[in-house]
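This report refers to the structure that appears directly beneath it.
Number of protein chains: 2
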Amino acid sequence: MTDPAAGGLLARFAAARQDLGRSSTAARIADLLREQITNGELRPGERLPEEELCKAAKVSRNTLREAFRLLAHERLLVHEFNRGVFVNKLTADDLVDLFHVRRILECEGVRHAGGAAPGAIAALDAAVADGERAAARDDWRGVGTANIRFHQGLAALCGSPRVDEMMRHLLAELRLVFDVMGSPREFHEPYLARNRELTTILQRGEFAIAERELRMYLDDAERQIAGRYREREQAAG
Amino acid sequence: MTDPAAGGLLARFAAARQDLGRSSTAARIADLLREQITNGELRPGERLPEEELCKAAKVSRNTLREAFRLLAHERLLVHEFNRGVFVNKLTADDLVDLFHVRRILECEGVRHAGGAAPGAIAALDAAVADGERAAARDDWRGVGTANIRFHQGLAALCGSPRVDEMMRHLLAELRLVFDVMGSPREFHEPYLARNRELTTILQRGEFAIAERELRMYLDDAERQIAGRYREREQAAG
DNA sequence: GATTGAAGGATTGTTGAACGAGAAATAGAG
DNA sequence: CTCTATTTCTCGTTCAACAATCCTTCAATC
Numbered sequence: 054m055t056d057p058a059a060g061g062l063l064a065r066f067a068a069a070r071q072d073l074g075r076s077s078t079a080a081r082i083a084d085l086l087r088e089q090i091t092n093g094e095l096r097p098g099e100r101l102p103e104e105e106l107c108k109a110a111k112v113s114r115n116t117l118r119e120a121f122r123l124l125a126h127e128r129l130l131v132h133e134f135n136r137g138v139f140v141n142k143l144t145a146d147d148l149v150d151l152f153h154v155r156r157i158l159e160c161e162g163v164r165h166a167g168g169a170a171p172g173a174i175a176a177l178d179a180a181v182a183d184g185e186r187a188a189a190r191d192d193w194r195g196v197g198t199a200n201i202r203f204h205q206g207l208a209a210l211c212g213s214p215r216v217d218e219m220m221r222h223l224l225a226e227l228r229l230v231f232d233v234m235g236s237p238r239e240f241h242e243p244y245l246a247r248n249r250e251l252t253t254i255l256q257r258g259e260f261a262i263a264e265r266e267l268r269m270y271l272d273d274a275e276r277q278i279a280g281r282y283r284e285r286e287q288a289a290g
Numbered sequence: 054m055t056d057p058a059a060g061g062l063l064a065r066f067a068a069a070r071q072d073l074g075r076s077s078t079a080a081r082i083a084d085l086l087r088e089q090i091t092n093g094e095l096r097p098g099e100r101l102p103e104e105e106l107c108k109a110a111k112v113s114r115n116t117l118r119e120a121f122r123l124l125a126h127e128r129l130l131v132h133e134f135n136r137g138v139f140v141n142k143l144t145a146d147d148l149v150d151l152f153h154v155r156r157i158l159e160c161e162g163v164r165h166a167g168g169a170a171p172g173a174i175a176a177l178d179a180a181v182a183d184g185e186r187a188a189a190r191d192d193w194r195g196v197g198t199a200n201i202r203f204h205q206g207l208a209a210l211c212g213s214p215r216v217d218e219m220m221r222h223l224l225a226e227l228r229l230v231f232d233v234m235g236s237p238r239e240f241h242e243p244y245l246a247r248n249r250e251l252t253t254i255l256q257r258g259e260f261a262i263a264e265r266e267l268r269m270y271l272d273d274a275e276r277q278i279a280g281r282y283r284e285r286e287q288a289a290g
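Sequence order for the protein chains is A and B.
Letter 65 of the first sequence, counting from 1, is numbered 118 in the numbering used here, and no numbers are missing.
Letter 182 of the second sequence, counting from 1, is numbered 235 in the numbering used here, and no numbers are missing.
This is the structure in structure tokens:
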């Protein structure tokens with residue numbers, strides 16, 4: 054095909070062509086489902102009946118099943134043999150593990166931020182600035198989205214496509230938890246300033262300090278979410 | 054269903070029952086394909102034609118497609134829209150990234166091995182012993198399998214199900230590389246002693262030393278594989 | 001020789017109908 | 001209430017069909 058040594062115009066043209074509507078219906082349905090899960094329309098524990106969903110989506114049941122398989126690997130759906138497919142419902146253990154792996158990946162990124170690609174720290178700054186702008190116009194969903202981008206950017210300091218993908222999955226799973234957190238404002242607001250502070254420390258090249266700060270931040274966030282989880286489970290009886 | 058507080062006999066029975074033939078045909082076909090990929094019968098770059106494969110496996114094409122979707126998330130297969138499904142072929146960049154992420158996960162495990170679950174270091178010892186036994190009877194495939202178990206065990210020192218899964222995928226991908234490594238004996242033999250040494254250091258509780266040793270080990274392994282890769286690509290012209 | 005365009009064949013992606021198996025719900029008896 | 005049997009629902013799979021796309025081959029032109 055395209056000679057990899059040819060760089061420039063031809064390589065860019067080929068790459069751009071690759072993106073033009075070249076996705077399967079199954080992938081598109083998976084995107085749709087992912088969107089509904091992460092924006093809260095499909096809730097944790099909810100069952101996804103094939104017949105209903107394929108009619109609503111106007112696709113065949115086989116195609117829907119392929120989409121389900123695509124989403125199962127992101128842990129957004131849980132496939133239970135002969136019982137159907139459910140939106141994943143995180144347990145307290147899941148939460149502990151999620152934060153554990155976040156610590157591994159995000160702290161690794163921060164620890165080695167000195168060797169990160171040129172624009173990686175600038176991207177953090179941009180995410181924080183976007184969050185601040187969204188807060189200024191009371192767009193708390195936008196703040197949440199910028200926050201997610203910020204954390205994706207911390208792991209991206211590792212400069213590893215596989216780490217990036219793992220982090221995407223972790224953050225998608227974490228999105229399932231926002232359900233229990235109540236007001237987006239109340240949840241996200243305190244972290245805006247902390248994101249700004251972390252970014253400033255990183256820009257100063259104080260990576261060990263940044264790592265320490267990030268650990269405390271993640272500990273606090275975990276404690277907060279776990280606390281709400283416990284309340285929720287007690288309220289459910 | 055089973056009361057989670059009921060522990061003991063009933064919980065163990067329910068868990069065992071969960072494993073009894075409760076997998077779909079799609080999952081079973083995926084297992085079969087995974088086995089063929091990891092033992093070298095299906096080679097990197099090879100295309101998997103649906104019509105042929107579904108006839109050979111005696112399943113319907115829809116079921117085979119579901120199996121493909123299941124394997125794509127492990128990066129063992131690459132799904133190219135409208136062109137078919139291929140056994141993944143690792144690039145030199147993939148190799149660098151694989152070792153990068155291995156360093157993150159395995160070194161994290163070793164660094165914090167002091168807090169690992171009680172049997173975790175014993176499991177490393179068992180894997181090394183199995184490798185030594187396999188070598189003694191000239192079973193070099195068995196040595197390779199024990200080596201993989203050893204590395205899975207290093208990451209398992211983290212005590213995280215998500216890390217375990219990530220590591221499983223990394224090691225499965227790495228299996229794709231063994232194709233280029235020639236003689237299993239030549240490849241695996243030097244690492245037997247190093248696995249034994251690493252385990253001994255861990256058993257002595259010298260975790261920082263173990264981490265240093267593991268980094269050198271992974272650097273050496275990476276250099277070796279990358280060298281063979283370059284040779285192979287030059288030989289291919 | 002190289003390049004382009006057209007045609008044909010192969011295969012992928014999707015659809016819909018059908019059927020069997022397993023789980024869940026319901027009904028009836030003690 | 002518990003237990004058992006039956007019914008209903010839906011999941012998992014199969015099959016056949018068709019449209020769309022890709023790949024290969026061939027012919028024409030420079």
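The beta-carbon is built from N, C-alpha and C at its ideal position, and this holds for glycine as well.
All figures in this text were calculated on a predicted structure; none of them were measured in a lab.
Listed from N- to C-terminal order along the chain, which residues in the stretch 113-129 of chain B have their beta-carbon within a distance smaller than 7 Å of any beta-carbon of chain A? 115, 118, 119, 122, 123, 126
Contact list for residue 150(A) against chain B, beta-carbon separation under 7 Å: Here residue 150(A) refers to the residue found at position 97 of the first sequence. Result: 213, 214, 215.
Does any CB atom of chain B fall closer than 8 Å to the CB of residue 220(A)? The residue labelled residue 220(A) in the question sits at position 167 within the first sequence. Not one chain B Cβ lies under 8 Å of residue 220(A).
Which chain A residues are close to residue 154(B), counting only those with a beta carbon under 9 Å from its beta carbon? Your numbering for residue 154(B) matches position 101 in the second sequence. Correct list: 211, 213, 215, 216, 219.
Should residue 283(B) be flagged as near chain A, meaning a C-beta pair shorter than 8 Å? Counting from 1 along the second sequence, the entry for residue 283(B) is found at position 230. So no, residue 283(B) is outside the interface.
Is there contact between the stretch 248-268 of chain B and the stretch 114-127 of chain B, where contact requires at least three CB pairs shorter than 8 Å? no
Could you confirm whether any beta carbon from chain B is found closer than 8 Å to the beta carbon of residue 236(A)? If you number the first sequence from 1, residue 236(A) lands on position 183. No, because no Cβ of chain B sits closer than 8 Å to the Cβ of residue 236(A).
Assumed close pair residue 270(A), residue 200(A) - CB separation to whole angstroms, cut-off 8 Å: The residue labelled residue 270(A) in the question sits at position 217 within the first sequence. The residue labelled residue 200(A) in the question sits at position 147 within the first sequence. The Cβ separation is near 11 Å, so there is no contact.
Can you give the beta carbon distance from residue 223(B) to residue 181(B), rounded, assuming they're within the 8 Å contact cut? Looking up residue 223(B) in the second sequence gives position 170. Looking up residue 181(B) in the second sequence gives position 128. Actually they are not in contact, since the Cβ atoms of residue 223(B) and residue 181(B) sit about 20 Å apart, beyond 8 Å.
What's the C-alpha gap between residue 252(A) and residue 262(A)? Translated into positions along the first sequence, residue 252(A) becomes position 199. Translated into positions along the first sequence, residue 262(A) becomes position 209. Distance between the alpha carbons of residue 252(A) and residue 262(A): 11 Å.
Using the beta-carbon of each residue, which ones in chain A are nearer than 7 Å to residue 161(B)? The residue given as residue 161(B) occupies position 108 in the second sequence. 157, listed in chain order.
Tell me, please, whether the CB atom of residue 139(B) is closer than 8 Å to any CB atom in chain A? Within the second sequence, numbered from 1, the residue matching residue 139(B) stands at position 86. Output row for residue 139(B): interface = no.
What would DSSP say about residue 184(A), mapped onto helix, strand or coil? Here residue 184(A) corresponds to residue number 131 of the first sequence, with the count starting at 1. Helix, per DSSP.
Could you say which of 117(B), 143(B), 139(B), 92(B) lies nearest to residue 285(B) if we only look at CA atoms? To locate residue 285(B), count along the second sequence from 1; it is residue 232. Per the Cα distances, 143(B).
Beta-carbon of residue 134(A) versus every beta-carbon of chain B: anything under 8 Å? Position 81 of the first sequence, counted from the start, is the residue given in the question as residue 134(A). Yes - at least one Cβ of chain B is within 8 Å of the one on residue 134(A).
Close Cβ partners of residue 141(B) (< 8 Å) along its chain, the five nearest in sequence each way excluded: As a first step, residue 141(B) must be located in the second sequence, where it is residue number 88. So the list reads 97, 128, 129, 130, 131, 226, 229, once near-sequence residues are dropped.
What are the boundary residues of the beta strand (DSSP E) that includes residue 162(B)? As a working note, residue 162(B) is residue 109 in the second sequence. No beta strand (DSSP E) contains residue 162(B), which is instead part of the alpha helix (DSSP H) from 145-164.
Proximal residues to residue 12(A) (C-beta, below 8 Å), its chain only, five neighbours per side dropped: Any answer about residue 12(A) is impossible in this case: the structure gives chain A only from 54 up to 290.
Can at least three beta-carbon pairs, one atom from the stretch 206-222 of chain B and one from the stretch 233-242 of chain B, be found at a separation below 8 Å? no
For residue 100(B), write down the residues that DSSP places opposite it in a beta bridge. In the second sequence, counting from the first residue as 1, residue 100(B) sits at position 47. Answer is 139(B).
Expressed to the nearest angstrom, what Euclidean distance is found between the alpha-carbon atoms of residue 273(B) and residue 116(A)? Translated into the one-based positions of the second sequence, residue 273(B) becomes position 220. Translated into the one-based positions of the first sequence, residue 116(A) becomes position 63. Their backbone Cα atoms lie some 46 Å apart in a straight line.
Paired residues, beta bridge with residue 130(B) - DSSP: Within the second sequence, numbered from 1, the residue matching residue 130(B) stands at position 77. Answer is 140(B).
Going by alpha carbons, who is nearest to residue 268(A) out of 282(A), 88(A), 191(A), 247(A)? On the first sequence, position 215 is the one that residue 268(A) refers to. Looking at the Cα atoms, 247(A) is the closest of the given residues.
Range of the contiguous alpha helix (DSSP H) that encloses residue 171(B): Position 118 of the second sequence, counted from the start, is the residue given in the question as residue 171(B). It is not in any alpha helix (DSSP H) - residue 171(B) carries neither H nor E in the DSSP assignment.
Look at the alpha carbon of residue 81(B) and the alpha carbon of residue 120(B), and state the distance between them as a whole number of angstroms. Translated into the one-based positions of the second sequence, residue 81(B) becomes position 28. Translated into the one-based positions of the second sequence, residue 120(B) becomes position 67. Using only the alpha carbons, I get a separation of about 8 Å.
Whether or not the stretch 157-175 of chain B and the stretch 162-180 of chain A are in contact is what I'm after, with contact meaning three or more pairs of Cβ atoms, one per stretch, closer than 8 Å; do they touch? no
For residue 202(A), which residues in the same chain have their Cβ closer than 6 Å to its Cβ, ignoring the five residues on either side in sequence? Stepping through the first sequence from its first residue, residue 202(A) is reached at position 149. Excluding positions up to five away in sequence, the list reads 180.
Can residue 278(A) and residue 177(A) be called in contact, C-beta distance under 8 Å? Mapped onto the first sequence, residue 278(A) falls at position 225. Mapped onto the first sequence, residue 177(A) falls at position 124. The answer is no: Cβ separation not under 8 Å.
Measuring only the C-alpha atoms, how far is residue 221(A) from residue 209(A)? The sequence position of residue 221(A) within the first sequence is 168, counting from 1. The sequence position of residue 209(A) within the first sequence is 156, counting from 1. Approximately 10 Å between the Cα atoms of the pair.
With DSSP collapsed to three states, give me the class of residue 257(A). For this step, residue 257(A) is matched to residue 204 along the first sequence. If DSSP states are grouped into helix, strand and coil, residue 257(A) belongs with coil.
Cβ-Cβ separation, residue 139(A) to residue 100(A) (assumed contact under 8 Å), whole Å: Position 47 of the first sequence holds residue 100(A). Position 86 of the first sequence holds residue 139(A). 5 Å between Cβ atoms; contact.
Suppose contacts are defined by Cβ-Cβ distances below 8 Å. Is residue 170(B) in contact with residue 212(B) by that definition? Stepping through the second sequence from its first residue, residue 170(B) is reached at position 117. Stepping through the second sequence from its first residue, residue 212(B) is reached at position 159. Cβ atoms of residue 170(B) and residue 212(B): closer than 8 Å.
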